[in-house]
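Heads up, the thing below is written out as structure tokens.
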Amino acid sequence: FSDDRFRRQVENFNQIITYIKSFGNHNLDITAGHESFDRTFNSVNGLKTVQTATGIFVNDNFSNIVRLEGNTTKKAIEGYFLRTNYNFDSRYYLGASVRRDGSSVFSEDSRWGTFYSVSGAWRVDQERFMENVSWIDALKFRASYGEVGNDDLLDFFLSQARFSITSNAASPAIINTDIGNSALQWETIENFDVAAEFTLFNNFLDGSVEYYKRNSSDLLYDLPIALSNGLNTVPTNIGDMYNSGWEVALTTHLINRNDVRWDVTLQGSTFKNEITSLPDPFINGSKRWAEGRSRFDFFLLRTAGVDPDNGDQLFFVYELDEDGESVPVRDANGDIETTNDWQATERAYTGDTTIPDLLGSVANSLNYKGFTLDFLITFGIGGSFLDNGYSAMMHSGNFGRSYHPDILKAWRQPGDITDVPRLEAGNANLVRTQSDRFLTDASFWSLKNVNLGYNFSRNIIEPLGLSALRIAISGENLYLKSKRDGLDPQYNLAGTPAGNDFNPARTISLGLNVSF
2 FSDDRFRRQV ENFNQIITYI KSFGNHNLDI TAGHESFDRT FNSVNGLKTV QTATGIFVND
62 NFSNIVRLEG NTTKKAIEGY FLRTNYNFDS RYYLGASVRR DGSSVFSEDS RWGTFYSVSG
122 AWRVDQERFM ENVSWIDALK FRASYGEVGN DDLLDFFLSQ ARFSITSNAA SPAIINTDIG
182 NSALQWETIE NFDVAAEFTL FNNFLDGSVE YYKRNSSDLL YDLPIALSNG LNTVPTNIGD
242 MYNSGWEVAL TTHLINRNDV RWDVTLQGST FKNEITSLPD PFINGSKRWA EGRSRFDFFL
302 LRTAGVDPDN GDQLFFVYEL DEDGESVPVR DANGDIETTN DWQATERAYT GDTTIPDLLG
362 SVANSLNYKG FTLDFLITFG IGGSFLDNGY SAMMHSGNFG RSYHPDILKA WRQPGDITDV
422 PRLEAGNANL VRTQSDRFLT DASFWSLKNV NLGYNFSRNI IEPLGLSALR IAISGENLYL
482 KSKRDGLDPQ YNLAGTPAGN DFNPARTISL GLNVSF
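Shown next as structure tokens:
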């Protein structure tokens, strides 16, 4: 008989005071406050055997205690903040804030962090010199800089070593489960953005253009270490990294009449990532973190096709130089050497990244005499995806496992030209999942949803005693086009699938909304 019990208790207290004052064209508000957050998680679980009375499943009916365990974890955060906003004549806006946060995750020496922010905006359309500019209906420029602290590393006691009680040949024992780091401190995320928001051509076009840059310093990370330390990771502030990009949103009001309204919204964004400071490079799954590189750059075995003589998978040969970087091994002709033994080479950067060149969407909203048609299309251009689901079905011959139809392209006889090596059960050299053989273009487009409906007019529904009546049919996840059937690379910057999961289910719904 097994019994597991969990209890989560969260206490959250906020004390906030706000002062608002306007004098002439000047408007001011000041907010100060204190926040505290405390979370306690308790769990108890046990396992007993040897049932006394048949069919009664309660703890007391089992006599032999196999396991009885329990634990408690706690996390507390406390913060103080001051925020002020000022605007003059609804044209010029300034804002500033400061907050000081403390977290039980860190040791007493580095528990507290102070974070600042400042922002400003200018309503250009409110200026006198814009009175004769008829094609600009609204125009605002804004910019901001702010800092946010991060203490989240999926654990509560990062600053101290932790131990668990276990058994050693039926005797009690204590094992080290976590390596603490008393020097651990807040990760600071700096956000800078500048943007323009506008409405043009007599409200025909709305839009915004924004550039952002987010720098993360003192990154919190479970750094891989040698197993000779007793454990394979240690929580560390490992370095600095920034993300930057552009975001553009445009909405056109193509038709705006009493009986017809048609709006189309286009959105697009770009993204760039670079590690700016890192003491030592390290491999993280299919990537390698290194200063001057992106954390999303693939670092894999480089494949050189299939040997037409024997069907072996060939790999380009790389070796490590004195700086620990992968460099190609070249023959007398200057060509990179190849091998059929994956252990005789090293991983290298493939030149591919999970980051797409462009992510975007197209949204449509059409209303005509009670009929409505809305749909959303999303798309991604560029980027790569390590298709582990595909590689699992391209194995070299394991009994009881399914194949992908591409396995029919496998090498069979000398002279065959193909990119699928021969089938040979148990030969690890023939299928290496951590290789560029399974990199796939991550471009896609998807019809995310469609909604078609009709709103009945009042002269029809009022005699029925109704105030509103709408009938609609909608569909979700109606179509996805990607490089390979079944591959869903949508918005996955990890560049690898989360697991052997199904794609989002296609759903068709019919609805009737009635208001009395």
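So the mapping is simple: the numbering used here equals the position in the sequence shown, first residue as 1, plus 1.
For glycine and all other residues, C-beta sits at the position ideal for the given N, C-alpha and C.
Model, not experiment: these values are computed from the prediction.
Reduced DSSP category for residue i - H, G, I as helix; E, B as strand; rest coil
i, result
"residue 403", "coil"
"residue 125", "helix"
"residue 275", "strand"
"residue 1", "It is not possible to answer for residue 1, since the shown part of the chain is limited to 2 through 517."
"residue 10", "strand"
"residue 159", "coil"
"residue 409", "helix"
"residue 61", "helix"
"residue 230", "helix"
"residue 82", "strand"
"residue 425", "coil"
"residue 132", "coil"
"residue 110", "helix"
"residue 495", "coil"
"residue 345", "helix"
"residue 164", "strand"
"residue 330", "coil"
Cα-Cα separation, residue i to residue j
i, j, result
"residue 342", "residue 348", "13 Å"
"residue 439", "residue 282", "24 Å"
"residue 179", "residue 238", "16 Å"
"residue 516", "residue 468", "5 Å"
"residue 309", "residue 486", "28 Å"
"residue 154", "residue 10", "20 Å"
"residue 183", "residue 236", "10 Å"
"residue 174", "residue 302", "42 Å"
"residue 170", "residue 70", "18 Å"
"residue 279", "residue 241", "7 Å"
"residue 505", "residue 383", "22 Å"
"residue 513", "residue 460", "18 Å"
"residue 86", "residue 94", "7 Å"
"residue 427", "residue 397", "7 Å"
"residue 353", "residue 31", "49 Å"
"residue 328", "residue 321", "6 Å"
"residue 392", "residue 496", "14 Å"
"residue 104", "residue 152", "7 Å"
Residue i: first and last residue of the uninterrupted alpha helix (DSSP H) it sits in
i, result
"residue 364", "Not the alpha helix (DSSP H): residue 364 falls in the beta strand (DSSP E), residues 359 to 369."
"residue 390", "389 to 393"
Status (buried if at least 16 other CB within 10 Å, exposed otherwise) for residue i
i, result
"residue 100", "buried"
"residue 356", "buried"
"residue 75", "exposed"
"residue 443", "buried"
"residue 12", "exposed"
"residue 291", "buried"
"residue 116", "buried"
"residue 413", "exposed"
"residue 67", "exposed"
Residue i: first and last residue of the uninterrupted beta strand (DSSP E) it sits in
i, result
"residue 236", "234 to 238"
"residue 188", "188 to 201"
"residue 380", "372 to 382"
"residue 512", "508 to 516"
"residue 143", "137 to 151"
"residue 172", "172 to 179"
"residue 52", "27 to 52"
"residue 210", "206 to 218"
"residue 505", "It is not in any beta strand (DSSP E) - residue 505 carries neither H nor E in the DSSP assignment."
"residue 224", "221 to 225"
Report task. Would you mind listing the beta strand (DSSP E) stretches within the stretch 428 to 491 that are 3+ residues and don't spill past its ends, in chain order? Result -> Runs of the beta strand (DSSP E) inside the stretch 428 to 491: 440 to 442, 445 to 456 and 469 to 483.
Query raised in the report: What residue ranges within the stretch 249 to 326 form continuous beta strand (DSSP E) runs of no fewer than 3 residues, ordered along the chain?
Result: Whole beta strand (DSSP E) segments, 3+ residues: 261 to 270, 273 to 278, 283 to 285, 288 to 290, 298 to 301, 304 to 307, 314 to 317 and 319 to 321.
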